[in-house]
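Enquirer: From first to last, the protein sequence lines stand for chains W and Y. One gets the working numbering by counting positions in the first sequence from 1 and adding 127 to each. One gets the working numbering by counting positions in the second sequence from 1 and adding 127 to each.
2 protein chains.
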Amino acid sequence: MKAEIIAVGTELLLGHTINTDAAHVARALSALGVDLHHACVVGDNAARLEACLRAALQRSDLVITTGGLGPTGDDLTKETVARVLGLPLEEHADSLRRLREYFGDRPVGENQYKQAWLPRGSHAFANSVGTAPGCAVPAEGHKLVILLPGPPSELLPMLHDGVVPWLARKTGACIQSSMVRTFALGEGDAELRLRDLTGGANPTVATYATDGEMFVRITAKAATAGEAAALVAPVREDVCRRLGDHVYGVDVENLESVVVPLLLQRGETLTTAESCTGGLLAKRITDVAGASSVFHQGLVTYANEAKTRLLGVPEELLARVGAVSPEVARCMAQQACARYGSTWGVGISGIAGPGGATATKPVGLVYIALSDGGRTWLRVMRPHGRYMGRAWTRQRAASHALDMLRRAMLGLPVEMEA
Amino acid sequence: MKAEIIAVGTELLLGHTINTDAAHVARALSALGVDLHHACVVGDNAARLEACLRAALQRSDLVITTGGLGPTGDDLTKETVARVLGLPLEEHADSLRRLREYFGDRPVGENQYKQAWLPRGSHAFANSVGTAPGCAVPAEGHKLVILLPGPPSELLPMLHDGVVPWLARKTGACIQSSMVRTFALGEGDAELRLRDLTGGANPTVATYATDGEMFVRITAKAATAGEAAALVAPVREDVCRRLGDHVYGVDVENLESVVVPLLLQRGETLTTAESCTGGLLAKRITDVAGASSVFHQGLVTYANEAKTRLLGVPEELLARVGAVSPEVARCMAQQACARYGSTWGVGISGIAGPGGATATKPVGLVYIALSDGGRTWLRVMRPHGRYMGRAWTRQRAASHALDMLRRAMLGLPVEMEA
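1. Kindly say whether Asn146 (chain Y), judged by its beta-carbon, lies nearer than 7 Å to any beta-carbon of chain W.
2. Who are the Cβ neighbours of Ala352 (chain Y) in its own chain at under 7 Å, not counting the five residues just before and after it?
3. Pull up the distance between the alpha-carbon of Glu267 (chain W) and that of Leu212 (chain W), whole angstroms please.
4. Going by beta carbon distance, what residues of the same chain come within less than 6 Å of Arg247 (chain Y), once the five residues before and after it are set aside?
5. Who are the neighbours of Trp471 (chain W) on chain Y, taking C-beta pairs under 8 Å?
6. Mind checking which residues open and close the alpha helix (DSSP H) that includes Ser304 (chain Y)?
7. Cβ of Glu318 (chain W) less than 7 Å from any chain Y Cβ?
8. Within 7 Å (strictly less), CB to CB, does Glu383 (chain Y) reach chain W?
9. Give the interface partners of Met128 (chain W) over in chain C, defined as CB-CB distance under 9 Å, in chain order.
10. In this structure, how does DSSP classify Leu226 (chain W) when only helix, strand and coil are distinguished?
11. So, under 8 Å CB-CB, Thr193 (chain W) and Ala134 (chain W) are touching, yes? Tell me the CB distance rounded to an integer number of Å.
12. If you follow the alpha helix (DSSP H) that Glu314 (chain W) is in, where does it begin and where does it stop?
13. Among Y:Thr399, Y:Glu177, Y:Asp316 and Y:Glu138, which residue has its Cα nearest to the Cα of Pro198 (chain W)?
14. Thinking C-beta only, is Ile145 (chain Y) closer than 7 Å to Thr334 (chain W)?
15. Determine the extent of the alpha helix (DSSP H) in which Met536 (chain Y) is found, giving its start and end residues.
16. Check whether chain Y comes within 7 Å of Val415 (chain W), counting only Cβ atoms and requiring the distance to be less than that.
17. Could you name the residues of the stretch 192-208 of chain Y whose beta carbon sits closer than 9 Å to any beta carbon of chain W, in the order they occur along the chain?
18. Just checking: is the beta-carbon of Tyr429 (chain Y) within a distance shorter than 7 Å of some beta-carbon in chain W?
19. In whole angstroms, what separates the C-alpha of Pro276 (chain W) from that of Glu318 (chain Y)?
20. So which residues on chain W does Cys167 (chain Y) lean against when the C-beta distance must stay under 7 Å?
21. Keeping to the same chain, check which residues put their C-beta closer than 6 Å to that of Glu401 (chain W); ignore five residues upstream and five downstream.
22. Are the C-beta atoms of Thr325 (chain Y) and some chain W residue less than 7 Å apart?
23. Taking Cβ to Cβ, would you say Ile478 (chain Y) is nearer than 7 Å to His527 (chain Y)?
24. In chain order, which continuous runs of the beta strand (DSSP E) of length 3 or greater are located wholly inside the stretch 331-356 of chain Y?
25. Using 7 Å as the threshold, is the C-beta distance between Arg466 (chain Y) and Thr503 (chain Y) below it?
26. Please list, in chain order, the residues of the stretch 449-477 of chain Y that have any C-beta partner in chain W closer than 7 Å.
27. Using a C-beta to C-beta distance shorter than 9 Å, which residues of chain W count as neighbours of Ser98 (chain Y)?
28. Is the Cβ of Ala355 (chain Y) closer than 7 Å to any Cβ of chain W?
29. Which residues mark the beginning and the end of the alpha helix (DSSP H) in which Gln392 (chain W) is found?
30. Quick check on His423 (chain W) - is its C-beta less than 7 Å from some C-beta in chain Y?
31. Pick from Y:Ser157, Y:Leu139 and Y:Arg224: whose alpha carbon is nearest that of Val152 (chain W)?
32. Alpha carbon to alpha carbon, how far is Lys434 (chain W) from Val256 (chain Y)?
33. Just to confirm, are Val379 (chain Y) and Val307 (chain Y) a CB contact at a threshold of 7 Å?
34. Would you call Asn254 (chain Y) buried or exposed, if buried means 16 or more other Cβ atoms sit within 10 Å of its Cβ?
35. Taking only beta-carbon positions, decide if Leu407 (chain W) is within less than 7 Å of chain Y.
36. In angstroms, rounded to a whole number, what distance separates the CA positions of Pro265 (chain Y) and Ala251 (chain Y)?
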C-alpha cells in the first residue's frame, strides 16, 4: 500500500505552526508497513487542495489529510474531499450526539454543526478531545482518503485509538525498527564506526543527530512483525557493541526515561540544585511518571543568596571564586546530597547567556557536579568558541547531569571535558 | 517570486524527525514577501529527489532544499542538484579552509571533505555551527536553488545571517504580520467575536489554537514594509479590542516573555513552589534571559516532607486535606512569598497523572495559587472528564500560574474555574 500525507493549513506555509502531525502520521504508517513516498503541505485554499488531492489519488492508494476540519470558515478539507470524490455530505447521527455531549449545558455555536456532517459512506473516527470527528472516505479503485483534525492533541488519540487499528486490518507487510540512543558521541565518529553497516538494504541502518545527541535507527521490513524483528535484532546488537558505553538506551525516549527507572530499581533518591538550568533538570526528571519515589525535592538556586540559604554554599566561597566555578558546582552537589538526605546530589552552575560573560568566563561555560555523599564528579561544558544559544546550553547541561548520574550508577567513568 | 521547499530525509518520512526546518524557512520567506505555495518531503533517494526538483523548477522561481548536505553516504542533495542543473562540483577554497578550522588539531575524516565541494557558480553560505556549508545555485531562467543543512542548529543561523539578507536584495513585495496571543479563550468563541474580520483578503485574519492557547494572526502584503504595516495596525487594534483582557500580548513569544518584563518594570520578585509541575514553571521563567533580577529561587517540593521543610506547610494540614487541595496550594503560595521575601509567591499542587487519582481527586485536577503576601488567589483546573495527559496538564498549570500573575499585576480579575 502506497500512501501520502497532505497537511492543510496556511499557518504551516507561513511557518507559524510546525508540522508535527505529519511526523505522527508518518510514524504510524511506518509501523503498519505502509510506504510513505510523499508528504506535502497546502494552504487553506480549496483550489490548491483539490489539485493536491487529485494528484495524490493518482499516485497513491491511501491519502491522509490533516487539518481543516474545524468549525471556522477556512476549514475546507471535508467539503473539498467530498467534491473531488463526488460524494454528498450527510449528517452523521453519532457525531452529532457527541458534539452535543461535548458542549453539555453550554450552547452549541451554529458554526459548530458542520463538524457533524461527513461524506456519504464514510467510516467515522470519534474525537475524544475536541469537536471535529475524523473519517475514512472510500474513493474509486479501492482507494481511501482519511481526514484527520489538525490540533495534535486531537489527532494523536484519534490516530492511535481509531485509525491505526482500523488500518491494521487492511495491511499486510510489517516494518519493525529499533532506535539506539547515545550521548556524547559525534555523528561523524558514529558513522565511521558503523560505516559498513549503513549501506545495507534490509535492515537499513541510519545515523542522525538532534540536540547534540546521536541516534542510530535500524529498520527492517518483512511479511510478519516477528520476521522483521528477527532481522533487526542481530544488527542492533552489533551497533550497540560498536558504540559501547555511549549507548544509554535502545527504544527509549530520552536520558531521563532511563535514569529515573535506574534510580527506582536501586531504591535511590536524587536532589537537584540548579542555577543556570533554572528548573529544567527537575522538569525533565518529573516528566517521567512515577518520579516521585526517587525525586523528593529540587532547588532552583538562581541567586547567590539562594545558594547560601538553601544549600549552605559559603558566602566567602561565592565571593572568592564566583558562582560559576568548579568549587561552587561541587559544593551545590554535595550539599544537595547531604542536606536533603538523598543518595545523589546534582549541582549545575554556568552562564546560559546571552549575557553574563566575564573576561575569564565565556557565555556557554557550565560546570556540572554529581555527588554520592562521598565522591564528587565534575564535568565542564566549554563553548569552544561557538556559543549555541541559551536553550541549547541549558538543555545540554541538564543532559550531561543525567548522563553523569547514569554512568555513576553503572560504574562507568563519569568525568569529561565537553 | 514563487518559492517551494523540498525537505530531504528518510527520517522525516518515517516520522522520526519533525520537520521544523520547513517552518523556519517558511517564516523567513513570508517575511520577505516570497509566496510559498508548496512544501514537500522526500526521502534520501536520488531518483525521487530528482523528480521533485524537476517538478519544483517548473512551477517555482526559488527552490529551497533542507537536509542531505552532511558527510555521510546518504547525504545526496548537493550531488543531485548539481546533476539536475548540469553543473560540475568544484572544490570551494573558503569552505575547505573553514572545514579545516572546524577540526582544528583533530584529524579531518576523509568522508568530511566532500562538504567543501559546491556546484559551479554557487554562492556559499558559511556554516557557523557545523561542517556543511549551504549554497545558492543558479538555474536556467534566472531561477535559484538554495541548499541548506538539515540540523536546525545549523540551518537557523545560516538562514537568518546568510540567506535572508542575500535574498532580501532580490525581492520586492513585503509581508508584515502580527500575532495576537490570548489565554483562556476558546477558538470557537474567538471566531464568533472575529467572524466578520476573518473573511478579509488583505489583511487576512486567521485564528488558531495550540497547547490550549488561541492565537490570531493578521497578515498584510504591500509594496513596502511600511505600507504593509499600515494595513495591519488598525485590524490588530480591532482584534485586541474584541478579545479584551484575554489578550496577553501582541508579537510576543509566550506568557513568560510578558510576565518577566512586567516584573522587571515593577521591580518585583517571584518565588515558585511547585509540586506536580516539578520545576516546569521555574524553567519557563528562566527561559527568559534576564530573569535573574526577578527570580531568585524556586522550590520543587515534590514530596510532602519537602513541602513542610522548605515551605513550612503544616504536616497536620497535609494529613487532613491532602497535598492536592486548595488549602495546601494557598499555603505554598503564601509561604513562597513570605519565607523567601518575594513580592509574589506561586503554589501549584495537582495530579499530573497518569497515576495518582483518588476517589475524590481525578487525574488532571490541579490547584494553582498566587499570593502577594496579603491576598491569595486560587484557580482550579478540572479535567471535565477529559484527561489531556501528563505533559499537557503540567504545561497548562504553569501557564495558568503565569496568567494569574499577569492579571494580578494589571489589576484584572484573577480567579476562575478552568
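Glycine included, each C-beta is placed from N, C-alpha and C at the ideal position.
Expert: Let me lay it out:
1. Position 19 of the second sequence, counted from the first residue, corresponds to residue 146 (chain Y). Taking CB atoms only, Asn146 (chain Y) has a neighbour in chain W less than 7 Å away.
2. Counting from 1 along the second sequence, the entry for residue 352 (chain Y) is found at position 225. The residues are Cys301 and Gln303.
3. Indexing the first sequence from 1 puts residue 267 (chain W) at position 140. Indexing the first sequence from 1 puts residue 212 (chain W) at position 85. Distance between the alpha carbons of Glu267 (chain W) and Leu212 (chain W): 8 Å.
4. Your numbering for residue 247 (chain Y) matches position 120 in the second sequence. The residues are Leu214, Pro215 and Glu217.
5. Mapped onto the first sequence, residue 471 (chain W) falls at position 344. In chain order: nothing, as chain Y lies at least about 15 Å away.
6. Along the second sequence, one-based indexing puts residue 304 (chain Y) at 177. Run containing Ser304 (chain Y): none in the alpha helix (DSSP H); it sits in the beta strand (DSSP E), Cys301 to Phe310.
7. Translated into the one-based positions of the first sequence, residue 318 (chain W) becomes position 191. Interface residue, yes.
8. What you label residue 383 (chain Y) is simply residue 256 of the second sequence in a count that begins at 1. No, its Cβ sits nowhere closer than 7 Å to a Cβ of chain W.
9. Annotation note: the requested chain C is absent from the structure, which comprises protein chains W and Y.
10. The residue given as residue 226 (chain W) occupies position 99 in the first sequence. Looking at Leu226 (chain W) - three-state DSSP - the assignment turns out to be helix.
11. Taking the first residue of the first sequence as 1, we reach residue 193 (chain W) at position 66. Taking the first residue of the first sequence as 1, we reach residue 134 (chain W) at position 7. Confirmed, Cβ separation roughly 5 Å.
12. Start at 1 with the first residue of the first sequence, and residue 314 (chain W) comes out as number 187. Where Glu314 (chain W) is concerned, the enclosing alpha helix (DSSP H) stretches over Glu314 to Leu321.
13. Along the first sequence, one-based indexing puts residue 198 (chain W) at 71. Ranking Y:Thr399, Y:Glu177, Y:Asp316 and Y:Glu138 by Cα distance to Pro198 (chain W) puts Y:Asp316 first.
14. Along the first sequence, read from residue 1 onward, the residue named residue 334 (chain W) stands at position 207. Along the second sequence, read from residue 1 onward, the residue named residue 145 (chain Y) stands at position 18. No. Outside cutoff.
15. The residue labelled residue 536 (chain Y) in the question sits at position 409 within the second sequence. Arg517 to Met536 is the extent of the alpha helix (DSSP H) around Met536 (chain Y).
16. The residue you call residue 415 (chain W) lines up with position 288 of the first sequence. Not an interface residue.
17. Gly197, Pro198, Thr199, Gly200 and Asp201
18. Stepping through the second sequence from its first residue, residue 429 (chain Y) is reached at position 302. Yes, because at least one Cβ of chain W sits closer than 7 Å to the Cβ of Tyr429 (chain Y).
19. Reading the first sequence from its first residue, position 149 is the one you call residue 276 (chain W). Reading the second sequence from its first residue, position 191 is the one you call residue 318 (chain Y). Approximately 17 Å, taken between the alpha carbons.
20. On the second sequence, position 40 is the one that residue 167 (chain Y) refers to. Under the 7 Å cutoff, chain W gives His165, Ala166 and Cys167.
21. Here residue 401 (chain W) is taken as the residue at index 274 of the first sequence, counted from 1. Excluding sequence neighbours, Glu401 (chain W) sits near Leu408, Val427 and Ile475.
22. Locating residue 325 (chain Y) in the second sequence gives position 198, counting from the first residue. Judged by the 7 Å Cβ criterion, Thr325 (chain Y) is in contact with chain W.
23. Here residue 478 (chain Y) is taken as the residue at index 351 of the second sequence, counted from 1. Here residue 527 (chain Y) is taken as the residue at index 400 of the second sequence, counted from 1. The answer is no: Cβ separation not under 7 Å.
24. 331-337 and 340-349
25. The sequence position of residue 466 (chain Y) within the second sequence is 339, counting from 1. The sequence position of residue 503 (chain Y) within the second sequence is 376, counting from 1. Contact flag unset, no.
26. none
27. Outside the shown range of chain Y (128 to 545) lies residue 98 (chain Y), about which nothing can therefore be said.
28. As a position in the second sequence, residue 355 (chain Y) is number 228, starting the count at 1. Not flagged as an interface residue toward chain W: Ala355 (chain Y), since no C-beta distance is shorter than 7 Å.
29. Position 265 of the first sequence, counting from 1, holds the residue named residue 392 (chain W). Per DSSP, Gln392 (chain W) belongs to the alpha helix (DSSP H) from Glu383 to Arg393.
30. In the first sequence, counting from the first residue as 1, residue 423 (chain W) sits at position 296. At a cut-off of 7 Å between C-beta atoms, His423 (chain W) counts as an interface residue with respect to chain Y.
31. In the first sequence, the residue the question calls residue 152 (chain W) occupies position 25. Here the closest residue by C-alpha is Y:Leu139.
32. Indexing the first sequence from 1 puts residue 434 (chain W) at position 307. Indexing the second sequence from 1 puts residue 256 (chain Y) at position 129. Rounded to whole angstroms, Lys434 (chain W) to Val256 (chain Y) spans 34 Å at the Cα level.
33. For the purposes of this step, residue 379 (chain Y) is taken as residue 252 along the second sequence, with counting starting at 1. For the purposes of this step, residue 307 (chain Y) is taken as residue 180 along the second sequence, with counting starting at 1. Taking 7 Å as the Cβ cut-off, Val379 (chain Y) and Val307 (chain Y) do not qualify as a contacting pair.
34. Numbered from 1 along the second sequence, position 127 holds the residue referred to as residue 254 (chain Y). By the 10 Å Cβ count, Asn254 (chain Y) comes out buried.
35. Here residue 407 (chain W) refers to the residue found at position 280 when the first sequence is read from its first residue. Closer than 7 Å to some Cβ of chain Y, the Cβ of Leu407 (chain W) qualifies, so yes.
36. Translated into positions along the second sequence, residue 265 (chain Y) becomes position 138. Translated into positions along the second sequence, residue 251 (chain Y) becomes position 124. Whole-angstrom Cα-Cα distance: 12 Å.
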